[in-house]
Amino acid sequence: SQWGEENLQALSIQEGEDVTMNCSYKTYTTVVHWYRQDSGRGPALIILIRSNEREKRSGRLRATLDTSSQSSSLSITAAQCEDTAVYFCATDADQGGRALIFGTGTTVSVSP
Amino acid sequence: EAAVTQSPRSKVAVTGGKVTLSCHQTNNHDYMYWYRQDTGHGLRLIHYSYVADSTEKGDIPDGYKASRPSQENFSLILELASLSQTAVYFCASSDIQNTLYFGAGTRLSVL
Chain W
37 SQWGEENLQA LSIQEGEDVT MNCSYKTYTT VVHWYRQDSG RGPALIILIR SNEREKRSGR
97 LRATLDTSSQ SSSLSITAAQ CEDTAVYFCA TDADQGGRAL IFGTGTTVSV SP
Chain D
85 EAAVTQSPRS KVAVTGGKVT LSCHQTNNHD YMYWYRQDTG HGLRLIHYSY VADSTEKGDI
145 PDGYKASRPS QENFSLILEL ASLSQTAVYF CASSDIQNTL YFGAGTRLSV L
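Here the protein sequences come in this chain order: W and D. Using the numbering used here, the first residue of the first sequence is number 37, and each one after it goes up by one. Using the numbering used here, the first residue of the second sequence is number 85, and each one after it goes up by one.
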């Protein structure tokens, strides 16, 4: 498997709280993608971080990448109910050099 | 307007029957993919293609065939559907930065 064993499967929080989810990967990658999947829909890219970046921000999202420990994290600041979704990390570890390998995902539930 | 469209959105098939899932993209992307989603397994790559008339195996190709007759169209074929192939199937295309654009998925139930 591309992924380590410590990926958290589900997180439940209340509106306004911060949440962080983690991914670890076993083989070298040049980029980590984070996708969000809403119920009944396909995943969509929310943030991408490359190996030459330690941190990347987009609105209330913050991604980190530690190539030495082969791990990445995604944080959501001041979570809102509409942040409820499944979040996947994915790397470009090789399948012909283009296909992404996805982790098992973290389900985030935000309640009012 | 959806750039990756899948059909059908849901399908009930009988064991041993043939199933064809279709995907059409208007992104003008060269790469297209078929992923399978099962609870607890995330998304797993079945087949992909980087040019018309050519397909490549992904991580779990057994029991599946793929067809790419044109840049826009990519099909997934289950010649002999089995119970274990009950899942949600996603098609995607990718841009030059390798960002994937997914369709809405096809929910397949094999009975």
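From the three backbone atoms N, C-alpha and C, an ideal C-beta is built for every residue, glycine too. These figures come from a predicted structure and were not determined experimentally.
- Look at P79/W: its C-beta is under 8 angstroms from a C-beta on chain D.
- A distance below 8 angstroms separates the beta carbons of I82/W and L97/W.
- In chain D, no part has a C-beta under 7 angstroms from the C-beta of D74/W; the shortest such distance is about 10 angstroms.
- Among the CB atoms of chain W, one or more fall inside 8 angstroms of the CB of G126/D.
- Separation of the CB atoms of E51/W and C125/W is rounded to 24 angstroms, and the pair is thereby denied contact status at 8 angstroms.
- In this structure, DSSP gives D54/W a state outside helix and strand, which the three-state scheme calls coil.
- Per DSSP, the beta-bridge partners of K141/D are H131/D.
- Per the Cβ contact rule, the stretch 109-118 of chain D is in contact with the stretch 164-184 of chain D (3 or more Cβ pairs under 8 angstroms).
- CA-CA distance, F138/W to L129/D, rounds to 9 angstroms.
- Q45/W has its alpha-carbon roughly 23 angstroms from the corresponding atom of Y64/W.
- Contact between V55/W and S94/W is ruled out by a C-beta separation of about 15 angstroms, above the 8 angstroms threshold.
- In the structure shown, the three-state DSSP call for E91/W is strand.
- Using a C-beta cut-off of 8 angstroms, the stretch 92-99 of chain D makes contact with the stretch 163-174 of chain D, since at least three inter-stretch Cβ pairs fall below that distance.
- Only residues of its own chain outside the window of five on either side were considered, and among them R152, S154 and Q155 have a CB closer than 6 angstroms to the CB of A136/D, listed in chain order.
- With respect to the 8 angstroms criterion, R93/D and A188/D are classified as neighbours on the basis of their beta carbons.
- A46/W is outside the set of residues whose beta carbon lies under 8 angstroms from a beta carbon in chain D.
- In this structure, the alpha-carbon of S159/D lies about 6 angstroms from that of C107/D.
- In this structure, DSSP gives Q169/D a helical state, which the three-state scheme calls helix.
- Nearest Cα to Y134/D within the set Y117/D, V194/D and L184/D: Y117/D.
- By DSSP's assignment, G126/D forms a beta bridge with D122/D.
- Bridge partners of S107/W according to DSSP: S60/W and D102/W.
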